[in-house]
Amino acid sequence: MSRRNPFKRHRFPREVILLAVRWYCRYPLSHRDVRDMLAERGVAVDASTVHRWVRKFGPEIRKRAQARHRSWRGLQWHVDETYLRVGGGWRYLWRAVDQFGQLIDFRLTALTPSYAGKWVTGFEKAAYRGGCQSLPELPEGTIRL
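Here the sequence shown is numbered in our numbering, starting from 11 and rising by one per residue.
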């Protein structure tokens, strides 16, 4: 990606686009699967939009991922919780961020904070299966069951 912002004039934030393209490139998912996974996280996007993102950003992301392949072993991460007004209603936004400040996963929902505990627990299990030897302590103010 050039020095100019390649995400300029896109409706969705950079993090959402990158997450969708990473999922498509990394896992055997269809564009509709990625659309459904984003919908579970509160982002309504069409499968054709995911297809355009993959065609535009996919080659560069693949190239960078191969050059800088890191395992999840020893990965440190934390969860940020925020309460936002989206579309006239209040929503909870939870973001899992690694030690490099890169977005790992997110969840946007109108559900109560008890829901986040279930998501964080599920995320911990997935991270552990992915190779984390020990899960790091979460900073103060984050949700953990």
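The beta-carbon is built from N, C-alpha and C at its ideal position, and this holds for glycine as well.
Taken through DSSP and simplified to helix, strand or coil, glycine 99 comes out as strand.
For tryptophan 100, same chain residues with a beta-carbon under 8 Å away, outside a window of 5 residues either side, are Tyr93, Leu94, Ala120 in chain order. For valine 60, the closest of Arg74, Arg45, Gly98, Val107 by C-alpha to C-alpha distance is Arg45. Annotated three-state conformation of leucine 113 is strand, per DSSP. Listed in chain order, the non-local C-beta contacts of valine 64 below 6 Å within the same chain comprise Val31, Tyr34, local neighbours out to five positions each way being set aside. Residue burial annotation: valine 96 is exposed, with fewer than 16 other C-beta atoms found within 10 angstroms of its C-beta. With fewer than 16 other beta carbons inside 10 angstroms of its own, aspartate 56 counts as exposed.
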